[in-house]
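Read top to bottom, the protein sequences are chains A and B. Residue numbering for the first sequence follows this note's numbering, starting at 99 and increasing by one per position. Residue numbering for the second sequence follows this note's numbering, starting at 708 and increasing by one per position. One structure below.
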Amino acid sequence: MIRYSAVIMLMVSSAGCMHDMEPETQPLPIVAAPAAPKRPQVSKAPATAAKAAPPAKRQAAAQPAKAPATKPQATPQKPQPATPPKPAAAAPTLDLDALEARLKQTKAIGLMTKLSLKNKVDDLLDEFRRHHAGKPMPTVAQLRRSYDLLMMKVLSLLQDRDQQLASDILSSRERIWGLLVDPKSFAALQAG
Amino acid sequence: MTKRLIVRAPALLALACLATPAAAQQDTEALKKDLTAVIALQGQPCGEVVSVQVLKQNDYNADCKDGNKYHVYENAKGRVIVEKRS
Numbered sequence: 099m100i101r102y103s104a105v106i107m108l109m110v111s112s113a114g115c116m117h118d119m120e121p122e123t124q125p126l127p128i129v130a131a132p133a134a135p136k137r138p139q140v141s142k143a144p145a146t147a148a149k150a151a152p153p154a155k156r157q158a159a160a161q162p163a164k165a166p167a168t169k170p171q172a173t174p175q176k177p178q179p180a181t182p183p184k185p186a187a188a189a190p191t192l193d194l195d196a197l198e199a200r201l202k203q204t205k206a207i208g209l210m211t212k213l214s215l216k217n218k219v220d221d222l223l224d225e226f227r228r229h230h231a232g233k234p235m236p237t238v239a240q241l242r243r244s245y246d247l248l249m250m251k252v253l254s255l256l257q258d259r260d261q262q263l264a265s266d267i268l269s270s271r272e273r274i275w276g277l278l279v280d281p282k283s284f285a286a287l288q289a290g
Numbered sequence: 708m709t710k711r712l713i714v715r716a717p718a719l720l721a722l723a724c725l726a727t728p729a730a731a732q733q734d735t736e737a738l739k740k741d742l743t744a745v746i747a748l749q750g751q752p753c754g755e756v757v758s759v760q761v762l763k764q765n766d767y768n769a770d771c772k773d774g775n776k777y778h779v780y781e782n783a784k785g786r787v788i789v790e791k792r793s
């Protein structure tokens, strides 16, 4: 009986150790990923970059340092396949409908405030409509100011009680602006 | 089982009576915050809404900490209007 319990204790403790190991192993690719774009810089100044690199990465940095001497064109080509997937992963698709639904559902903003904000969004969209119709008065700078102010209002209402939505809106801020300021995407938004 | 329920009923009733005003007070506080935000969004001075009178759905009289009084309502076009009351 004591043997069994000892075996169980051993298994539990070893399983615990395995769980502890996972977080340590997971961040490694993330740490290794930023090192990839540095490689082209390494090929330009191999000696300085090799010194700046941490001890764990010195072996990786040392390989491109030797390569420029024999094949200078080979080193810039290597990092290229590694870099394109990163922007795709870092920039998720903008789902305006989902953001709108989350804004409607959030309890961080009261009903009357939501109505008031909707009025303000409608007013801003009218201004964009006027701008895209060719009228001179709302300039892009004026629209940007109005847009930023409205964003600040929304974020200030959300930031304390729905931080996730606030950060999601904040991260989508420039992409939403891009959609609004471009006449084609704005027309598509209005049609959709 | 029935006897236990009978014994506990007054306690449950008292608990319910205590819980209902607490929930109502929470709603009132949430409404005050909501109207404070609405008045601020319209750029009107208020500071903080201290008392609210519900006139009908989406139609309120709000009194502010700084002494200002407002009529906050949704008009027929769906716009939120903040009017100063004397």
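Where a beta carbon is used, it is the ideal one built from N, C-alpha and C, also for glycine.
Supposed contact pair residue j and residue i - C-beta distance, whole angstroms, cut 8 Å
i: A:L215; j: A:V252; result: 6 Å
i: B:V756; j: B:D734; result: Not a contact, Cβ separation roughly 14 Å.
i: A:A206; j: A:L247; result: Contact doesn't hold; Cβ gap of about 19 Å is too wide.
i: B:C753; j: B:D773; result: 6 Å
i: B:R792; j: B:Y777; result: 6 Å
CB contact check: residue i to chain B, cutoff 7 Å
i: A:S214; result: yes
Beta-carbon neighbours of residue i, restricted to chain B and to distances below 7 Å
i: A:M210; result: D741, L742, V745, N765, V779, V787
i: A:K251; result: L748
i: A:L255; result: A744
Range covered by the alpha helix (DSSP H) that runs through residue i
i: A:Q262; result: 261 to 279
i: B:Q760; result: From DSSP, B:Q760 is part of no alpha helix (DSSP H) but of the beta strand (DSSP E) over 756 to 763.
i: A:A239; result: 238 to 256
i: A:N217; result: 209 to 230
i: A:D195; result: 194 to 203
Residue i at chain A interface by Cβ criterion, 7 Å
i: B:V757; result: no
i: B:L762; result: no
Under 8 Å by beta carbon: chain A residues contacting residue i
i: B:A737; result: G208
Under 8 Å from the C-beta of residue i: neighbouring residues of chain B
i: A:L278; result: Here the premise fails: no neighbours, minimum Cβ distance about 20 Å.
Residue range of the unbroken beta strand (DSSP E) whose run includes residue i
i: B:C771; result: 766 to 771
i: B:A792; result: First, the residue type needs correcting, since residue 792 of chain B is Arg and not Ala in the sequence shown. Start and end: 787 to 792.
i: B:K776; result: 776 to 781
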